[in-house]
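K.L.:
Let me give you the structure first, and then I'll get to my questions.
This is the structure:
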């Protein structure tokens, strides 16, 4: 029996947690002063790179009263955890210039004028089109995190592949997306069933909250994996679980055809060019959620412990990582999945 983790949803530290960076603390203090004055200014980051910031007082999350300045400070303070998951990955920007209650829009193409140290690469948006590509922001630097927050980009949404090997996915994910009437306990049930199947296949996987109402399950892939191979692997898993538990899970793409209280297992996020929120990323949810890595004990014990998405926010994440360390590091250190294991379902 898995041990119960209790209401704090904490586990033993997976690794020593990095100490607070004095340089980051100083930057956060500077931001608070600028926000209090309501002025624009320039942040000088470690290494001397300067990034302009402004409108820090603008409220982005009305319910908890968090501002654009809070987002910049969050990205700075979480950078040691955020950056490994987005390094070398193209980023799709969803911008919220007036906060989560205002109009938002997607932007793929990087702006023409960029601060120093913000990396851009030409990325083909379709593997079948022999073009030079589109300039994308590429994750991996502190200045990019700050710059994207200045552009009112709340979530870090990376591709499943890295430059220069952009056509080879190194991770895949199962996105558990509940219908509006679906309780989170059902999301946990579906995640447990998927975990059981993955364990039978000997496939490593790491769960995290979406930062909104769902869960994501990520799987590391071996080098050189084509996108289609990872997609088919996830399609098989999703279809198996949905067929065994049709009252709780579905792979039906059309929302109007889904029952009102099921969990959609979205495997199509693994298509070339699609994105999913990075681990430790802030999200545009009403409670200022953070896409937070979990232990499988937390998922399996979640019905008893009362696990809920609202437990993992921009305010609470710092205490959590001090206790549990970087749970997402397991994704980078695990043996990649053997996709041939899925053949057992078609024998």
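Residue numbers (my numbering): 163 to 509. Note that CB positions come from ideal geometry on N, CA and C, so glycine has one too.
(1) Taking only the alpha-carbon atoms, compute the straight-line gap between residue 189 and residue 409 and give it to the nearest angstrom.
(2) Go through its chain and collect everything with a Cβ distance to residue 506's Cβ below 6 Å, but skip five positions before and after it.
(3) Which value, in whole angstroms, describes the spacing of the CA atoms of residue 273 and residue 250?
(4) In this structure, how does DSSP classify residue 375 when only helix, strand and coil are distinguished?
(5) Going by DSSP, name the residue or residues bridged to residue 223.
(6) Nearest-angstrom Cα distance between residue 169 and residue 314?
(7) In whole angstroms, give me the CA-to-CA distance for residue 583 and residue 416.
(8) Does the separation of the CB atoms of residue 448 and residue 225 fall below 8 Å?
(9) Below 8 Å, how does it come out for the segment 295-315 and the segment 348-355: are there three or more Cβ pairs, yes or no?
(10) When the Cβ atoms of the segment 333-350 are set against those of the segment 379-392, are three or more pairs found closer than 8 Å?
(11) Our contact map puts residue 371 next to residue 471 with C-beta atoms below 8 Å; I'd like the distance itself, whole angstroms only.
(12) Does the Cβ-Cβ distance between residue 465 and residue 347 come in under 8 Å?
(13) Nearest to residue 342 by alpha carbon, out of 473, 329, 418, 186?
(14) Compute the distance between the beta-carbons of residue 424 and residue 344, then report whether it is under 8 Å.
(15) Given this structure, state the Cα-to-Cα distance separating residue 497 from residue 489, to the nearest angstrom.
(16) Considering only residues of the same chain and omitting the five flanking positions on each side of residue 398, which have a CB-CB separation below 7 Å?
(17) Please work out which residues of its chain come closer than 8 Å, Cβ to Cβ, to residue 364, disregarding the five sequence neighbours upstream and downstream, and give them in chain order.
(18) According to the Cβ coordinates, are residue 309 and residue 270 closer than 8 Å?
(19) Compare the Cα-Cα distances from residue 212 to each of 223, 280, 267 and report the closest residue.
(20) Looking only at its own chain, which residues have a Cβ that is under 8 Å from the Cβ of residue 244, when we skip the five neighbours before and after it?
(21) Expressed to the nearest angstrom, what Euclidean distance is found between the alpha-carbon atoms of residue 205 and residue 241?
(22) For a minimum of 4 consecutive residues, which ranges assigned as the alpha helix (DSSP H) are wholly contained in the segment 467-498?
(23) Should the segment 190-197 be regarded as contacting the segment 227-237, the criterion being three or more beta carbon pairs within less than 8 Å?
(24) Start and end of the beta strand (DSSP E) containing residue 456?
(25) Keeping to the same chain, check which residues put their C-beta closer than 6 Å to that of residue 450; ignore five residues upstream and five downstream.
(26) Should residue 260 be labelled buried (16 or more other beta-carbon atoms within 10 Å of its own) or exposed?
(27) Tell me where the beta strand (DSSP E) around residue 307 begins and ends.
(28) Within the same chain, show all residues whose beta-carbon is closer than 7 Å to that of residue 411, passing over the 5 residues directly before and after it, in chain order.
(29) Helix, strand or coil for residue 267 per DSSP?
(30) Which runs of the alpha helix (DSSP H) spanning at least 4 residues fall entirely within the segment 189-217, listed in chain order?
(31) What is the rounded straight-line gap between the Cα of residue 467 and the Cα of residue 248?
(32) Have a look at residue 171 and residue 289 and give me their C-alpha separation to the nearest angstrom.
(33) Should residue 480 go down as buried or exposed, given a rule of 16 or more other Cβ atoms within 10 Å for buried?
(34) In whole angstroms, what separates the C-alpha of residue 193 from that of residue 276?
(35) Report the CB separation of residue 386 from residue 330 in whole angstroms; it is logged as a contact under 8 Å.
(36) Put residue 318 into one of helix, strand or coil per three-state DSSP.
P.N.:
Taking the definition as stated:
(1) The residue given as residue 189 occupies position 27 in the chain shown. The residue given as residue 409 occupies position 247 in the chain shown. So the two alpha carbons sit approximately 50 Å from each other.
(2) In the chain shown, the residue the question calls residue 506 occupies position 344. Around residue 506: no qualifying Cβ.
(3) To locate residue 273, count along the chain shown from 1; it is residue 111. To locate residue 250, count along the chain shown from 1; it is residue 88. Between residue 273 and residue 250, the C-alpha separation is close to 18 Å.
(4) Position 213 of the chain shown, counting from 1, holds the residue named residue 375. Reduced to three states, the DSSP call for residue 375 is coil.
(5) Position 61 of the chain shown, counted from the start, is the residue given in the question as residue 223. Answer by DSSP bridge pairing, in chain order: 228.
(6) Numbered from 1 along the chain shown, position 7 holds the residue referred to as residue 169. Numbered from 1 along the chain shown, position 152 holds the residue referred to as residue 314. Because residue 169 carries a pLDDT of 35, less than 50, the predicted location of this residue cannot be relied on, and no value is offered for it.
(7) The structure shown has nothing for residue 583, since the chain only spans 163 to 509.
(8) By one-based count along the chain shown, residue 448 stands at place 286. By one-based count along the chain shown, residue 225 stands at place 63. Closer than 8 Å, so yes.
(9) no
(10) Of all C-beta pairs linking the segment 333-350 to the segment 379-392, three or more are shorter than 8 Å, placing the two stretches in contact.
(11) Numbered from its first residue, the chain shown carries residue 371 at position 209. Numbered from its first residue, the chain shown carries residue 471 at position 309. Residue 471 and residue 371 do touch by the CB rule: their CB atoms are close to 5 Å apart, below 8 Å.
(12) The count along the chain shown starts at 1 and reaches residue 465 at position 303. The count along the chain shown starts at 1 and reaches residue 347 at position 185. The answer is yes: Cβ separation under 8 Å.
(13) In the chain shown, counting from the first residue as 1, residue 342 sits at position 180. That would be 418, whose Cα lies nearest to the Cα of residue 342.
(14) Within the chain shown, the letter at position 262 stands for residue 424. Within the chain shown, the letter at position 182 stands for residue 344. Contact flag set, yes.
(15) Stepping through the chain shown from its first residue, residue 497 is reached at position 335. Stepping through the chain shown from its first residue, residue 489 is reached at position 327. Cα to Cα, the separation comes out at about 16 Å.
(16) One-based indexing of the chain shown puts residue 398 at position 236. Cβ within range, chain order: 504, 507.
(17) Numbered from its first residue, the chain shown carries residue 364 at position 202. Contacts found: 500, 503.
(18) Locating residue 309 in the chain shown gives position 147, where the first residue counts as 1. Locating residue 270 in the chain shown gives position 108, where the first residue counts as 1. The answer is no: Cβ separation not under 8 Å.
(19) As a working note, residue 212 is residue 50 in the chain shown. Comparing Cα-Cα distances from residue 212 to each of 223, 280, 267, the minimum goes to 280.
(20) To locate residue 244, count along the chain shown from 1; it is residue 82. Cβ neighbours of residue 244 beyond the five flanking positions: 237, 307, 318, 440, 441, 442, 443.
(21) As a first step, residue 205 is located in the chain shown; it is residue number 43 there, counting from the start. As a first step, residue 241 is located in the chain shown; it is residue number 79 there, counting from the start. Roughly 15 Å separates the two Cα atoms.
(22) Correct list: 479-486, 491-495.
(23) yes
(24) Indexing the chain shown from 1 puts residue 456 at position 294. No beta strand (DSSP E) contains residue 456, which DSSP labels as neither H nor E.
(25) In the chain shown, residue 450 corresponds to position 288, counting from 1. Scanning its chain for C-beta atoms nearer than 6 Å, with the 5 sequence neighbours on each side dropped, one finds around residue 450 the residues 223, 226, 228, 475, 476, in chain order.
(26) The residue you call residue 260 lines up with position 98 of the chain shown. Looking at its Cβ environment, which holds fewer than 16 other Cβ atoms inside 10 Å, residue 260 is exposed.
(27) As a working note, residue 307 is residue 145 in the chain shown. It is not in any beta strand (DSSP E) - residue 307 instead sits in the alpha helix (DSSP H) that spans 304-312.
(28) As a position in the chain shown, residue 411 is number 249, starting the count at 1. Closer than 7 Å at the Cβ level, and outside the excluded window around residue 411, lie 352, 403, 404, 424, 425, 427.
(29) Taking the chain shown and counting its residues from 1, the one referred to as residue 267 is at position 105. Three-state result, residue 267: strand.
(30) Runs found: none.
(31) For this step, residue 467 is matched to residue 305 along the chain shown. For this step, residue 248 is matched to residue 86 along the chain shown. So the alpha carbons of these two residues sit roughly 31 Å apart.
(32) For the purposes of this step, residue 171 is taken as residue 9 along the chain shown, with counting starting at 1. For the purposes of this step, residue 289 is taken as residue 127 along the chain shown, with counting starting at 1. The pLDDT assigned to residue 171 is 37, lower than 50, so where the model puts this residue is not dependable; a value taken from the coordinates is nonetheless given after this. Going by the C-alpha atoms only, they are around 42 Å apart.
(33) Here residue 480 is taken as the residue at index 318 of the chain shown, counted from 1. Per the 10 Å Cβ criterion, exposed.
(34) To locate residue 193, count along the chain shown from 1; it is residue 31. To locate residue 276, count along the chain shown from 1; it is residue 114. So the alpha carbons of these two residues sit roughly 20 Å apart.
(35) Start at 1 with the first residue of the chain shown, and residue 386 comes out as number 224. Start at 1 with the first residue of the chain shown, and residue 330 comes out as number 168. Correct: roughly 5 Å between the Cβ atoms.
(36) As a position in the chain shown, residue 318 is number 156, starting the count at 1. Assignment of residue 318 by DSSP, reduced to helix, strand and coil, places it in the coil class.
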